[in-house]
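Q: Got a structure for you, questions after.
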Amino acid sequence: MTQSTIGFKINFFRLLLTFLAGLALLFIIAPLLGLIIHTSPVSIAETASDKEVTSSIWLTLWTSMLATLILSLGAIPLAYLLARRNFRFKRMVSGIIDLPIVIPHSAAGIAVLSVISRETIVGKTAGSLGIEMVGSPAGIMVAMAFVSLPFLINAARDGFSDVPVRLEQAAQNLGASSIRVFFCISLPLAWKNIVSGLIMMFARGMSEFGAVIIVAYHPMVTPVLIFERFGAFGLNYAKPVAVLFIGVCLMFFILLRSFTKDKSQHA
Amino acid sequence: MLELKDIHIQAGDFKISSVSLTVEKGDYFVVAGPSGAGKTILLETIAGLIGPSKGTILLNGRDISRIPSGKRSIGLVFQDNTAFPHLSVRKNILFALRINTLDKQRIENELQQVADNLGIRHLMHRKPSTLSGGELQRVVLARTLASKPQILLLDEPLSSVDAAGKDQLKTLLRNLNRKGQTIIHVTHDFDEAISLATKVGIMNSGKLIEQGTTDKVFHHPTHEFTARFCGYRNFFYAENLHIGQVMIDNKVLITIGTSKFKSEKLALIIPEEKIEISELPIENKAVNTFKASITDITHNRNGFVLEADFGVKLYIQPNSELLLKNQISLKNEIWLKIEPSVLKIIEIN
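Sequences listed follow chains A and B, in order.
The opening residue of the first sequence carries number 38 in this note's numbering; numbering runs sequentially from there.
The opening residue of the second sequence carries number 12 in this note's numbering; numbering runs sequentially from there.
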């Protein structure tokens, strides 16, 4: 009798858990599904051939990709230092790295703009080199990178922290230089996390709206284009662009994830 | 030849103080001691992963105390598995070989040679995650040897290996040493130490308390800690009365039957299995007969061990048949007889 009572309790609890979990999942799926269902395939096809839309998607993809790759050159070493070295103000540095995640993205955009606008040293230097920062792909990349860099740094730092120090010491003891230890031991072993971080940074940069719109309304990245179509023409004109962009994003993530999965299986 | 001169190390809260030792070429030097004695820290200091706060390390007369780990010609095999998990066994060994030369033919030859020496040729294309503890240890050993260290440091190399693998690995290590490889091996296991070492150092609480040849340290220990480590439980410091007798703790007078020992202080080992016991008083004229009370009886693989008190605590390993026949039990009083000829006496300077 006691057993069946316990059994009933467990089943009831499980039911409750499943129900709540389902609600949370539905919360994510419902708006996306609703968006896709309520958008006609014809309008999506028309949008896909709209030059303004396709060039905007292309711009969003390459700026985010390039920003990720360029910034990774500094982010990965920073992550390695954070994982391996102890230095003064380390906790403060870790806190600073998370700042772009917690501040409002419009404020982030203002912050970026105040550094790269034409009146500043950075803006002037870039201008003298013939690079226009505000209202250009370069500015978009800076805004994207600013808000998305923490994802890469944190993921890479976790990856490096997981590499046993003993392995690096063993390599060192065998006579390997610090560069060799980093490239042959630490980096390959943290690679899975780093790629994860790269994908997250790329994704976050691609979907950035707040910071980008302040730095560059034109040329228009897709999140800005969706906003503009919604503002100027209404929901029905914004929807197909949104669906198309979501589709492109998903395709990229599935592709990149499967690539990293294969990598880790071979390793 | 490796010499440590008055080495002091501060690692966090742990301190190693004033360690000096000499390891000659071809020695198999075992540093033995309990966990937490500082053995690993000492090895890491020799390997150059930790810097000594004081003292010098000389390799063939050259001061290497400040030379980076990889340039010391001292190879360390860690206690933890350090096979690089993302590389095959072959690539693990190649990692070490490629640091010293780029000559492909030479690398291939040396790879085959070290693989043959350690019997891991069949494992070359396996990943470390698929290997047993013993196989992993061979792979890491092969990788370390590939860097041709003058001194090979081993930190508890048998701890993650099963019983059968242990014997094989011991044979391998012994053969390596016979071929001329100088080895410093750290262990907490007495059997491991005595079966491999040509020289021993005993370490406890950050100090090297005794060192010398295996025979000297293990058979004639001068420290109580060493004696206990070697399994001698009846170890006593005694005052030499120079009349063929010694006094333990100002309580127990023992006849040793010789006045040849000159030092004031002696160490006395009474072998547990050579103490005669009797329920009835032993005739008075016999030397070293004592009345004792039994304080505990425990089982071990040889039968029984009695703990007796005859002024000082004594362990006795009696013939178990005798024990049964005589119905000795706790709280019984017994008579002991210790022949002077069974005593092991060590002079303490």
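Think of the CB as a built atom: it goes at the ideal place given N, C-alpha and C, for glycine as much as any other residue.
Using DSSP's beta-bridge definition, name the partner residues of V197 (chain B).
A: Here residue 197 (chain B) refers to the residue found at position 186 when the second sequence is read from its first residue. DSSP, once it has assigned bridges, lists B:V42, B:D166 as partnering V197 (chain B).
Q: Rounding to the nearest angstrom, what Cα-Cα distance links G111 (chain A) and P187 (chain A) in this structure?
A: Residue mapping note: residue 111 (chain A) aligns to position 74 of the first sequence, counting from 1. Residue mapping note: residue 187 (chain A) aligns to position 150 of the first sequence, counting from 1. For G111 (chain A) and P187 (chain A), the distance between alpha carbons rounds to 12 Å.
Q: Give, in chain order, every residue of the segment 225 to 246 of chain B whose Cβ lies closer than 9 Å to some Cβ of chain A.
A: Under the 9 Å Cβ criterion, the segment 225 to 246 of chain B contributes no residue.
Q: Using beta-carbon positions only, say whether A153 (chain B) and L129 (chain B) come within less than 8 Å of one another.
A: Stepping through the second sequence from its first residue, residue 153 (chain B) is reached at position 142. Stepping through the second sequence from its first residue, residue 129 (chain B) is reached at position 118. Yes; because the gap between Cβ atoms is below 8 Å, this pair is in contact.
Q: Anyone know if the C-beta pair for H210 (chain A) and L87 (chain B) falls short of 8 Å?
A: Your numbering for residue 210 (chain A) matches position 173 in the first sequence. Your numbering for residue 87 (chain B) matches position 76 in the second sequence. What sits at residue 210 (chain A) in the sequence shown is Asn, not His. Closer than 8 Å, so yes.
Q: Could you check if M288 (chain A) is buried or exposed, using at least 16 other CB atoms within 10 Å of its CB as the buried criterion?
A: Counting from one through the first sequence, the residue named residue 288 (chain A) turns up at place 251. By the 10 Å Cβ count, M288 (chain A) comes out exposed.
Q: Of the residues that make up the segment 45 to 74 of chain A, which ones have a beta carbon closer than 8 Å to any beta carbon in chain B?
A: Those would be none; no residue qualifies.
Q: Taking A116 (chain A) as the reference, which of A:A253, A:T55, A:R217, A:W228 has the closest Cα?
A: As a working note, residue 116 (chain A) is residue 79 in the first sequence. The shortest Cα separation from A116 (chain A) among A:A253, A:T55, A:R217, A:W228 belongs to A:W228.
Q: Quick one: grab the DSSP three-state call for R239 (chain B).
A: For the purposes of this step, residue 239 (chain B) is taken as the residue at position 228 of the second sequence. Reduced to three states, the DSSP call for R239 (chain B) is helix.
Q: Where do the N-terminal and C-terminal ends of the alpha helix (DSSP H) with G111 (chain A) fall, by residue?
A: Residue 111 (chain A) sits at position 74 when you count from the first residue of the first sequence. 88 to 121 is the extent of the alpha helix (DSSP H) around G111 (chain A).
Q: Determine the DSSP secondary structure at A304 (chain A), reduced to helix, strand or coil.
A: Here residue 304 (chain A) refers to the residue found at position 267 of the first sequence. Interpretation of A304 (chain A) is limited by its pLDDT of 38, a score under 50 that renders its predicted location unreliable; no figure is taken from the coordinates.
Q: Is L264 (chain B) near the ligand NAP, in the sense that its beta carbon is under 7 Å from a heavy atom of that ligand?
A: Ligands in the displayed structure: none, and consequently the ligand NAP is not present.
Q: Tell me which residues share the same chain as N92 (chain B) and place their Cβ nearer than 6 Å to its Cβ, disregarding the 5 neighbours each side in the sequence.
A: Reading the second sequence from its first residue, position 81 is the one you call residue 92 (chain B). The residues are L147.
Q: Output yes if chain A places a C-beta closer than 8 Å to the C-beta of D24 (chain B); else output no.
A: Taking the first residue of the second sequence as 1, we reach residue 24 (chain B) at position 13. Judged by the 8 Å Cβ criterion, D24 (chain B) is not in contact with chain A.
Q: Quick one: which chain B residues come within Cβ less than 7 Å of A207 (chain A)?
A: As a position in the first sequence, residue 207 (chain A) is number 170, starting the count at 1. Those are F89, T93, listed as they occur along chain B.
Q: Is A213 (chain A) helix, strand or coil by DSSP?
A: Within the first sequence, numbered from 1, the residue matching residue 213 (chain A) stands at position 176. A213 (chain A) falls in the coil class under three-state DSSP.
Q: Does DSSP put M38 (chain A) in a helix, a strand or coil?
A: Within the first sequence, numbered from 1, the residue matching residue 38 (chain A) stands at position 1. Note that M38 (chain A) scores a pLDDT of 47, beneath 50, so its modelled location is shaky; the value from the coordinates is reported in the next line. M38 (chain A) falls in the coil class under three-state DSSP.
Q: If you drop the 5 nearest sequence neighbours on each side, which residues of the same chain put their C-beta closer than 6 Å to that of P160 (chain B)?
A: Along the second sequence, one-based indexing puts residue 160 (chain B) at 149. Around P160 (chain B): S84, I85, G86.
Q: By the 8 Å beta-carbon criterion, what residues does the segment 56 to 79 of chain B contribute toward chain A?
A: Under the 8 Å Cβ criterion, the segment 56 to 79 of chain B contributes A58, G59, L60, P79.
Q: A297 (chain B) and K262 (chain B) - do their beta-carbons sit closer together than 8 Å?
A: Residue numbering aside, residue 262 (chain B) sits at position 251 when the second sequence is read from its first letter. Residue numbering aside, residue 297 (chain B) sits at position 286 when the second sequence is read from its first letter. For K262 (chain B) and A297 (chain B), no; Cβs fall outside 8 Å.
Q: Specify whether the segment 59 to 74 of chain A and the segment 251 to 258 of chain A touch according to this definition: at least 3 beta carbon pairs, one from each stretch, less than 8 Å apart.
A: Judged by Cβ distances under 8 Å, the segment 59 to 74 of chain A makes no contact with the segment 251 to 258 of chain A, as fewer than three pairs qualify.
Q: Report buried or exposed for L54 (chain A), applying the criterion of at least 16 other Cβ atoms within 10 angstroms of its Cβ.
A: Here residue 54 (chain A) is taken as the residue at index 17 of the first sequence, counted from 1. Answer is exposed; the Cβ neighbour count stays below 16.
Q: Which same chain residues, not among the five before or five after T157 (chain A), have their C-beta less than 8 Å away from its C-beta?
A: For the purposes of this step, residue 157 (chain A) is taken as residue 120 along the first sequence, with counting starting at 1. Once the five neighbours on either side are set aside, the close Cβ partners of T157 (chain A) are S151.
Q: Once the 5 residues before and after V323 (chain B) are set aside, which same chain residues still bring their CB inside 6 Å of it?
A: Within the second sequence, residue 323 (chain B) is the residue found at index 312, counting from 1. Result list for V323 (chain B): I259, D260, V263, in chain order.
Q: Is the number of C-beta pairs between the segment 91 to 105 of chain A and the segment 279 to 295 of chain A that are closer than 8 Å three or more?
A: Contact between the segment 91 to 105 of chain A and the segment 279 to 295 of chain A is present, because at least three Cβ pairs lie under 8 Å.
Q: Across the segment 74 to 81 of chain B and the segment 246 to 257 of chain B, are there enough close Cβ pairs to call them in contact, namely three or more that are closer than 8 Å?
A: Contact fails: fewer than three Cβ-Cβ distances are below 8 Å.
Q: Taking the beta strand (DSSP E) that K115 (chain B) falls in, what are its first and last residues?
A: Here residue 115 (chain B) is taken as the residue at index 104 of the second sequence, counted from 1. Note, K115 (chain B): premise wrong, no beta strand (DSSP E); alpha helix (DSSP H) at 115 to 128.
Q: State the beta-bridge partners of F301 (chain B) as determined by DSSP.
A: Locating residue 301 (chain B) in the second sequence gives position 290, counting from the first residue. Beta-bridge pairing links F301 (chain B) to B:L347.
Q: Considering only residues of the same chain and omitting the five flanking positions on each side of S171 (chain B), which have a CB-CB separation below 6 Å?
A: Translated into the one-based positions of the second sequence, residue 171 (chain B) becomes position 160. Here the set comprises G144.
Q: For I293 (chain B), does the three-state DSSP call read helix, strand or coil?
A: Mapped onto the second sequence, residue 293 (chain B) falls at position 282. Looking at I293 (chain B) - three-state DSSP - the assignment turns out to be coil, as it is neither helix nor strand.
Q: Which residues bound the alpha helix (DSSP H) around A82 (chain A)?
A: Here residue 82 (chain A) refers to the residue found at position 45 of the first sequence. Counting along the chain, the alpha helix (DSSP H) containing A82 (chain A) begins and ends at 78 to 85.
Q: Does the Cβ-Cβ distance between E119 (chain B) and L169 (chain B) come in under 8 Å?
A: To locate residue 119 (chain B), count along the second sequence from 1; it is residue 108. To locate residue 169 (chain B), count along the second sequence from 1; it is residue 158. Their beta carbons are not under 8 Å apart, which means E119 (chain B) does not touch L169 (chain B) by this criterion.
Q: With a Cβ-Cβ cutoff of 8 Å, do V171 (chain A) and A248 (chain A) count as a contact?
A: Taking the first sequence and counting its residues from 1, the one referred to as residue 171 (chain A) is at position 134. Taking the first sequence and counting its residues from 1, the one referred to as residue 248 (chain A) is at position 211. No, the Cβ-Cβ distance between V171 (chain A) and A248 (chain A) is not below 8 Å.
Q: Using a C-beta cutoff of 8 Å, does M38 (chain A) count as contacting chain B?
A: Counting from 1 along the first sequence, the entry for residue 38 (chain A) is found at position 1. Note that M38 (chain A) scores a pLDDT of 47, beneath 50, so its modelled location is shaky; the value from the coordinates is reported in the next line. Cβ-Cβ to chain B under 8 Å: no for M38 (chain A).
Q: Would you check if there are 3 or more beta carbon pairs closer than 8 Å linking the segment 187 to 200 of chain B to the segment 41 to 52 of chain B?
A: Segments in contact, yes.
Q: Under 6 Å Cβ to Cβ from F290 (chain A), same chain only, skipping five residues before and after it: list those, please.
A: The residue given as residue 290 (chain A) occupies position 253 in the first sequence. Taken in chain order, the list of residues that qualify is empty.
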